[in-house]
Amino acid sequence: TLDQLQIKAKNGAEIRNLSGSIDLGPVDSELKDFRVTIGSSQFFAQGKMFRQPELRWLVRIQAPFINLPKVVSELRRITEAVQVEGVTMDLAGLDESVHRFFPPDEVWESFDAQLAFDKGRIIIPSFQFGAFGGNVLARAAYDSKPPVPSTMVEIELDRLNLARLQPASGKP
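Add 95 to a position in the sequence shown, counting from 1, and you land on the number used in our numbering.
Encoded structure:
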């Protein structure tokens, strides 16, 4: 069980208010009441890992709002501070792109995503949030298994105000 852990690296990267529990069992495991603050955004997660017939995870992630530029910057700093053996992640390019595309005060509202993943496969049956005065709903799947890796993505955009992508003082 985790209870309001605070983690801060020398480079200033922070993970705040980390709490929840992971119950490990012989047949399945469960992620319960997981909460974490990254940047100024608080995330909530629930999940279950099944070991039979093969290892797979089902996870739901929610957030009242996500300030994407702040979250990506914080994740970049976290990956720079914490090196996981065998895993390399360079988020500097993503961080730069997000800051170029999104206004710094723009947030995604009512974020709700469901994910399922196992070895070589990710399925996202629902990924939705409010942005730019409208709503985004997406579904996706990626399968790396032979004979050919495949990807499927469906995105529904409803009433997005893309003018909000322009800086307030900029010309459209």
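We put the beta carbon where it would ideally sit given N, CA and C, even for glycine. These numbers were taken from a predicted model, which means no experiment stands behind them.
DSSP lists G115 as the beta-bridge partner residues of L97. Counting every other CB atom within 10 Å of its CB across the protein chains shown gives I133 a total of 16 or more, marking it as buried. Counted as a single uninterrupted DSSP element, the beta strand (DSSP E) harbouring K143 occupies residues S136 to F145. For L153, the enclosing beta strand (DSSP E) stretches over residues R151 to I161. Rounded to the nearest whole angstrom, the CA to CA distance from S168 to R111 is 15 Å. In the structure shown, F196 falls within a helical segment according to DSSP collapsed to helix, strand and coil. In chain order, M184 and L186 place their CB closer than 6 Å to the CB of T174, counting only its own chain and leaving out the 5 sequence neighbours on each side.
With fewer than 16 other CB atoms across the displayed protein chains lying within 10 angstroms of its CB, A104 is exposed. Residue pairing by DSSP puts R130 in a beta bridge opposite S114 and F139. In the displayed model, V166 falls within a helix according to three-state DSSP.
Minimum Cα-Cα distance from S135 among the listed residues L255, K127, K143 and V202 corresponds to V202.
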